[in-house]
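Everything below concerns the one structure shown next.
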Amino acid sequence: MSIEAVQREIVEEFSLFDDWMDRYQYLIDLGRKLEPLTEEQMSEEHLLDGCQSRVWLIAGGDAEHLQFRANSDAAIVSGLIALLLRVYSGQPARDIVASKPKFVTEIGLSEHLSPTRANGLDAMLNAIQRHARRALAETN
Amino acid sequence: MSTSIGDQGAAAAELDLAAIRAQFPVLERQVHGKPLVYFDSAATAQRPLAVIEAMDRFYRHSNANVHRGVHQLSVEASEAFEAARESARRLLNAASTREVVFTRGTTEAINLVAQSFLRPEIGPGDEILITHMEHHSNIVPWQLLCEQTGAELKVAPINQHGELMLDAFEELLSERTRLVGVVHVSNALGTINPVAEICRMARRLDIPVLVDGAQATPHLKVDVQALDCDFYCLSAHKMYGPTGIGLLWGRERHLEAMPPWQGGGEMILKVSFDGTTFNELPHKFEAGTPNIAGAIGLGAAVEFLESVDLEAVAAHEARLLATASERLLEFPGLKLIGTASAKGPVASFAIDGVHANDIGTIVDHAGVAIRTGHHCAMPAMQFFGVPATARASFGMYNTVEEIDVFIDALKTACAMLR
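Those sequence lines, one after another, are chains L and H.
Counting from 119, one number per residue, gives the positions in the first sequence under the working numbering.
Counting from 115, one number per residue, gives the positions in the second sequence under the working numbering.
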């Protein structure tokens, strides 16, 4: 499925909820299902700056199929991570670089997240873009 | 404005909470469709009408630059600005308005002392003594100074309740100590430090003491002469005044001896290219056009505090803290961070397996504003082994009913997160 299609799917899922408590509960549940990271993966090297909670992000694969794994010590952020991984993990680097994270504004996440948490989301998006650009540069 | 709030005549002084709440327009608003419960006064307190109106009146009626103007508006602005300084003097029971320097806030006041008072006096082998519970504002200016001069920063330990260990503190005082920096009321833990006792210990060795009073003035009556400290710093916005203004109180002999820190207008008497003569106290430390409306707002905040019975406020806030602490401890896995016997109205807590940020986000949807994070006191957080806490902090306008709303919201959050 393309990045666009996954984003549309997420927007549809979120439109099923009437209120934000249900959306948060959904995010929390998504976060719980994230595969836990190992001790080695939760290293300083993989820790992202700019998040109030701790977020570890590990990139693998190649430019055709970039793989991401990530997790956080906070529940709602873990849910956001689950969404980001669904959108971006397994996608070609060139598609990632060309895409815009529309679902974030369309499901109203950006206005409902405090600036500090929105910064964390930005930090994760930036890190994903950085990995994609690097993978592209390596193939050229 | 001198509206009297609170039943000051009664023996068992009870606050008239409805009258107090009516003074704070923001408390009428809703957040996410729920009445606002504002439990973040330690970050910044809300503003009463008296402050909002004083600043509004200044801008509508007498806005002009201060000092040296001969026209009517400038005269009025200067009078209002200096009247605010007099209000600030009263707040701290300072000996003279010459000792009251307006700054942008506590942080700037501490930096001013670090750079103007201490820097010329200090070098390798000298020490600055602070405590483990300080806000970053009372850590980083001294770290910078130590880097610049080769002096060493010493840290007095705290115990598991978040109280300063006075014996260890006293042992760290020596002839090498050039200054003691101590917080009056800790923003992250709530601890009220025995500042008068600390000053007595330091006085024996003739060591000057700077007190970070940012969290003290909204809750306690502060008397710098009784405390016998050398510098006292505060921010107006913690005590129901505006942001961007605060002050440094310093003993006149210290301030006289200190060189100006920043140069510019207002702080000079005469300027030529051969040299400059500096203005008198306190103006020599107030370079540039000051935050005039801010100072007037600060003055109005002092008058507002004078209009309430501070002892009744303290009793009310202590009741809020006791109620909140008791209710919080009913949560399984909850630990209160900061359990000093003398404590300001701050309930900081951590819950096993639940991140403070998640709690803050969920209770916000019930209209409850709390702070989550390290509260700019990372060393204190490290001491308790938590990266962050959730903190409910109270002002005079909060109610026990609001604590019920908060506790219900917290129950919802825990049910969702565990």
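Glycine residues also receive a C-beta, built at the ideal position from the N, C-alpha and C atoms.
Buried or exposed for residue i, going by 16 or more other Cβ atoms inside 10 Å?
| i | result |
| --- | --- |
| Met119 (chain L) | exposed |
| Ser217 (chain L) | buried |
| Lys384 (chain H) | exposed |
| Asp388 (chain H) | exposed |
| Thr259 (chain L) | Residue 259 (chain L) falls outside the range modelled here, since chain L spans only 119 to 258, and no answer is possible. |
| Gln160 (chain H) | buried |
| Asn225 (chain H) | buried |
| Glu277 (chain H) | buried |
| Thr117 (chain H) | Model confidence at Thr117 (chain H) stands at a pLDDT of 39, short of 50, so the residue's coordinates are unreliable and nothing is read from them. |
| Gln274 (chain H) | exposed |
| Asp154 (chain H) | buried |
| Leu293 (chain H) | buried |
| Lys151 (chain L) | exposed |
| Pro446 (chain H) | exposed |
| Gln170 (chain L) | buried |
| Asp472 (chain H) | buried |
| Thr67 (chain H) | Because chain H spans 115 through 532 in this model, residue 67 (chain H) falls outside it and cannot be assessed. |
| Arg485 (chain H) | buried |
| His249 (chain L) | buried |
In the DSSP assignment, what residue or residues form a beta bridge with residue i?
| i | result |
| --- | --- |
| Thr391 (chain H) | H:Lys384 |
| Leu152 (chain L) | Leu152 (chain L) is not bridged to any residue. |
| Asn189 (chain L) | L:Trp174 |
| Glu241 (chain H) | H:Glu266 and H:Thr291 |
| Gly364 (chain H) | H:Phe345 |
| Phe463 (chain H) | H:Leu450 and H:Ala504 |
| Leu324 (chain H) | H:Gly295 and H:Phe345 |
| Thr437 (chain H) | According to DSSP, which records beta bridges pairwise, Thr437 (chain H) is partnered with nothing at all. |
| Ile306 (chain H) | H:Val299 |
| Leu184 (chain L) | L:Gly179 |
Beta-carbon separation of residue i and residue j under 8 Å?
| i | j | result |
| --- | --- | --- |
| Asn207 (chain H) | Asp342 (chain H) | no |
| Ala540 (chain H) | Ala164 (chain H) | Because chain H here runs from 115 to 532, residue 540 (chain H) falls outside it and cannot be looked at. |
| Ala181 (chain L) | Ala123 (chain L) | no |
| Ala461 (chain H) | Ala470 (chain H) | no |
| Leu131 (chain H) | Thr513 (chain H) | yes |
| Ser349 (chain H) | Ala316 (chain H) | no |
| Val215 (chain L) | Gln125 (chain L) | no |
| Ala202 (chain H) | Val416 (chain H) | yes |
| His250 (chain H) | Ala491 (chain H) | yes |
| Leu524 (chain H) | Val477 (chain H) | yes |
| Ile521 (chain H) | Phe195 (chain H) | no |
| Ala401 (chain H) | Gly379 (chain H) | yes |
| Ala192 (chain L) | Trp174 (chain L) | no |
| Trp375 (chain H) | Phe345 (chain H) | no |
| Val214 (chain H) | Pro396 (chain H) | yes |
| Val299 (chain H) | Ile312 (chain H) | no |
Report the three-state DSSP secondary structure of residue i (helix, strand or coil).
| i | result |
| --- | --- |
| Gln137 (chain H) | coil |
| Pro149 (chain H) | strand |
| Met173 (chain H) | Reading off the sequence shown, one finds Tyr at residue 173 (chain H), where the question assumed Met. Correct three-state label for Tyr173 (chain H): helix. |
| Gly264 (chain H) | coil |
| Trp375 (chain H) | coil |
| Asp130 (chain H) | coil |
| Val482 (chain H) | strand |
| Ala270 (chain H) | strand |
| Gln125 (chain L) | helix |
| Tyr346 (chain H) | strand |
| Gln209 (chain L) | coil |
| Thr403 (chain H) | coil |
| Gln159 (chain L) | coil |
| Gly408 (chain H) | helix |
| Thr453 (chain H) | coil |
| Thr217 (chain H) | strand |
| Ile224 (chain H) | helix |
| Gln144 (chain H) | strand |
| Val468 (chain H) | strand |
| Ala241 (chain L) | helix |
| Gly413 (chain H) | helix |
| Thr158 (chain H) | coil |
| Leu531 (chain H) | helix |
| Gly487 (chain H) | strand |
| Leu165 (chain L) | strand |
| Leu319 (chain H) | coil |
Please decide whether residue i counts as near chain A, where near means a Cβ-Cβ distance under 8 Å.
| i | result |
| --- | --- |
| Leu287 (chain H) | Among the protein chains in the structure shown, which are L and H, there is no chain A. |
With contact counted as at least three CB pairs below 8 Å, one residue from each stretch, are the segment 174–181 of chain H and the segment 362–370 of chain H in contact?
-> no
Should the segment 240–248 of chain H be called in touch with the segment 265–276 of chain H, which here means at least 3 C-beta pairs below 8 Å?
-> yes
contact_flag[the segment 441–448 of chain H, the segment 478–496 of chain H] where n(CB pairs < 8 Å) is 3 or more = no
With a cut-off of 8 Å, do at least 3 Cβ pairs link the segment 237–257 of chain L to the segment 157–165 of chain L?
-> no
Taking 8 Å as the threshold, find out whether the segment 346–363 of chain H comes into contact with the segment 230–241 of chain H through three or more Cβ pairs.
-> no
Quick check: the segment 314–325 of chain H against the segment 443–455 of chain H, are there 3 or more CB pairs under 8 Å?
-> no
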